[in-house]
Amino acid sequence: MAQKIINPQDLAFQLYELHEVEKTLGYERYADHSRDTLQAALDLALKVASEEFAPHARLVDEEEPRFENGRVVMRPEVGKALDVLKGTGLMAASQDYERGGMQLPAAVAQMCVGLLKGANVGTQGYAGLTIAAANLIMVQGSEEQQKRYAEPMMAGRFFGTMCLTEPHSGSSLGDLRTRAEPQSDGSYRLFGNKIFISAGDHELSDNIIHMVLARLPDAPPGVRGISLFLVPKILLNADGSLGERNDVALAGLIHKMGYRGTTSTMLNFGEKDGAVGYLVGEPNNGLAAMFHMMNEARIGVGLGSVMLGYTGYLHALEYARERKQGRPIGDKNPESPQVPLIRHGDIRRMLMAQKAYVEGGLALCLEGSMLVDQKKHADTEHDRELAAGLLDLLTPLIKSWPSRYCLEANSLAIQIHGGYGYTREYPVEQFYRDNRLNPIHEGTHGIQGMDLLGRKVAMAGGRFYEELMNRIETTIGEARHYDRLAEAANRLQQAARAMASATETINGVKAGGEVEKALANATLYLDAFGQMVVGWLWLRQAIKALEGLAGAGSQTAEFYEGKVRACDYFARYELPYVVSTADLLKTMDTTALDMRDDLF
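As numbered in full-length UniProt numbering, residues 1 to 600 make up the sequence shown, in order.
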């Protein structure tokens, strides 16, 4: 199965049948494309993933980057794979033709990246951060900054990072201390320390462009006083050539349980005269500007979680089909031949859960990617505004749901391998370790829950939340045309109504001024809300699968039947959790909130 990165049938089904990505070719931006060109890009990405990225995934895990004599030393295969990637045009797959991009629809461009993540998330991290930083400069930066920095990044000559976290503040960005002092030439000098900076130092590119959050001298306290700065590792001369080394120092590497192929660094800005930086956007608007990159990164984190879970699922499926162990329960003859693991009911249960999580997570990420294009290119302002609002609403789910449930898929893959799964003889333990970062990456579950319940559900007077709930009800109505989907439709409706009731109760408490109480269980709300949305996407997949079985699709009957049964599984085993959690949320329980420090 494509080096066990993805099931090509599922990828084609999700892109062309479920999400109907070919409809984006009606937008002027994508008019040059056809299904053939989209598929060619995906095939190229899968080829690079299989042949250049996957072969050294284990090597960079076992021999992670080292800090020697002030520089980073890493496996040479990383640079070779990235050089191949640069030559394909996939580095900037979504960018304009004139900037060296392929101008691909967002869903296809994201999947090209996703295939690389599934093959080797450590090596892909360098390219992914670079393009996210370049996109940030393209949106927030000046024309000169775009020309001098973003364009070389999209070409792969320069790489990029984002520098938010500081040792004392973690996710509390309002407490950051890095300062930026204005200079007479319009530049700034930065002084401070950043930590957990992925890809913060290496020798894979001519330069590294750091996007750094810092404070101006007269900045107000808290998040309202944060500005965004572009800080190159090596300064550029007037003609764009490389100049002298900037005052950015690698203080050391952080060694993680997973994601070992991507350097995780501690950086010091201004050990001498100050790191030269350039303001991006308006003063004191840095966090809002950075969120352009962070929101893109959050969709990328979700997709990365899916792809690590997906490859783990395919490895477990292959192992279960090939590994013989035990006999059927009814066979009492000890001399009977052993049967493949997949013959055992509990193994099939775990495989079904993995399938439900990874294919459901993929549908969620692609739903977000489709909204990215609708937000930019839909025909009317109304449709563009609606897509933007729905994307904002779903982004916390896209980041968090896969990073919980696709991580669970990785855990199940280890379980299916038994004792072997816990060893390095098989790669499933590495997939788990790599994926374990994603519940923390780009905002924890707690942060995403607060964002969803505290801001996103109520934004625009709840307009976008109501639109989502209406779309879920519409799908339920469509599913009722199929007898096979009656139970799944009923269970999804029960879940949606339970969440609507819980949301109304929580909003009432929040409106009454008890904000801390209202948000005390925001993470539970996020989890249940995500289960409801993925249940909706599974019902949509089942509808398309039944249409496929009736002759409207191009996949095999077995594939479509598997989709319908996975929908049944999700409805019966996962959606009841939404109802029970919603009931708990409605009680406004404060058990954890009331637990004093001295009682632990």
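Quick reminder that beta carbons are idealized off the backbone N, C-alpha and C, glycines included.
Same chain, Cβ closer than 8 Å to residue i, five either side skipped, listed in chain order
i, result
"R463", "G389"
"E487", "D568, A571 and R572"
"L314", "M1, K4, I5, I6 and N7"
"V579", "Q494, A495 and A498"
"M350", "A316, L412, Q415 and I416"
"Y560", "A545, L546, G548, L549 and G553"
"T590", "K517 and A520"
"A460", "G389"
Spatial neighbours of residue i in its chain, beta-carbon cut-off 6 Å, leaving aside the 5 residues before and after
i, result
"V73", "R66"
"H33", "L25"
"P340", "R321 and K324"
"E574", "Q531"
"A502", "A582, L585 and K586"
Sub-7 Å separation of residue i and residue j beta-carbons
i, j, result
"A545", "V564", "yes"
"H441", "V301", "yes"
"M211", "A133", "yes"
"A522", "M588", "no"
"L519", "G421", "no"
"G261", "G156", "no"
"R75", "L59", "yes"
"G286", "S198", "no"
"I342", "G368", "no"
"H382", "V139", "no"
"Q219", "G309", "It should be noted that the sequence gives Ala, not Gln, for residue 219. Contact: no."
"S305", "S171", "no"
Spatially closest choice to residue i from the options, by CA coordinates
i, options, result
"L18", "D43, L549 and R540", "R540"
"G89", "A57, Y30, M154 and T37", "M154"
"F158", "L190, K194, E466 and S205", "S205"
"I6", "G118, G170 and R75", "G118"
"G243", "P232, A566 and D383", "P232"
"R436", "S400, L453 and V457", "S400"
"P105", "Y405, L371 and L303", "L371"
"E151", "M111, Q95, F196 and L524", "Q95"
"K147", "N285, R484, A238 and N438", "A238"
"G141", "G281, G513 and Q110", "G281"
"L82", "S369, G277, G128 and T423", "G128"
"D247", "L46, N507, G240 and I234", "I234"
"I443", "A582, E20 and T165", "It should be pointed out that residue 443 corresponds to Gly in this sequence rather than to Ile. When only C-alpha atoms are compared, the closest one is T165."
"I447", "P396, C406 and G477", "P396"
"G79", "C112, L279, V428 and Y126", "Y126"
"D434", "I472, A288, K256 and F229", "K256"
"Y465", "L303, L393 and G160", "L393"
"D43", "M111, E28 and G87", "M111"
"I329", "Y319, H344, I299 and P337", "H344"
"V358", "I543, N135, A566 and H56", "A566"
"I472", "G170, A109, A500 and T161", "A500"
Terminal residues of the alpha helix (DSSP H) in which residue i lies
i, result
"R463", "M459 to A479"
"K4", "Where K4 is concerned, there is no enclosing alpha helix (DSSP H), given that its DSSP letter is neither H nor E."
"E68", "It is not in any alpha helix (DSSP H) - E68 instead sits in the beta strand (DSSP E) that spans R66 to E68."
"F431", "V428 to N435"
"N507", "A486 to A511"
"N135", "V121 to Q140"
Residue interval of the beta strand (DSSP E) (run including residue i)
i, result
"E181", "R179 to P182"
"G243", "L242 to R245"
"T265", "S264 to F269"
"G277", "A275 to V280"
"Y573", "Here Y573 belongs to no beta strand (DSSP E), and DSSP marks it neither H nor E."
"N193", "Y188 to S198"
"S50", "Careful: S50 lies outside any beta strand (DSSP E) and carries neither H nor E."
"I447", "I447 -> not in any beta strand (DSSP E); alpha helix (DSSP H) instead, spanning H445 to D451."
Rounded distance between the beta-carbons of residue j and residue i, thought under 8 Å
i, j, result
"I214", "T178", "Note that residue 214 corresponds to Ala in the displayed sequence, not to Ile. Going by Cβ atoms, the distance from A214 to T178 rounds to 4 Å, so yes, they are a contact pair."
"I414", "I347", "Incorrect: roughly 13 Å between the Cβ atoms, too far for contact."
"L537", "L364", "6 Å"
"N268", "N193", "6 Å"
"N284", "R224", "6 Å"
"G277", "F229", "4 Å"
"L253", "T263", "6 Å"
"L85", "V48", "6 Å"
"N438", "L407", "7 Å"
7 Å CB neighbourhood of residue i in its chain, flanking five on each side removed
i, result
"A92", "R99, G100, G101, I131 and M154"
"G360", "V534, L537, W538 and F570"
"T311", "K4, I5, G118 and F431"
"I195", "T165, E166, P167 and M266"
"K456", "D392, L393 and P396"
"Q14", "L362, A363 and L366"
"D594", "none"
Any non-hydrogen atom of the ligand MG closer than 6 Å to residue i Cβ
i, result
"S400", "For the ligand MG, the structure offers nothing, since it holds no ligand at all."
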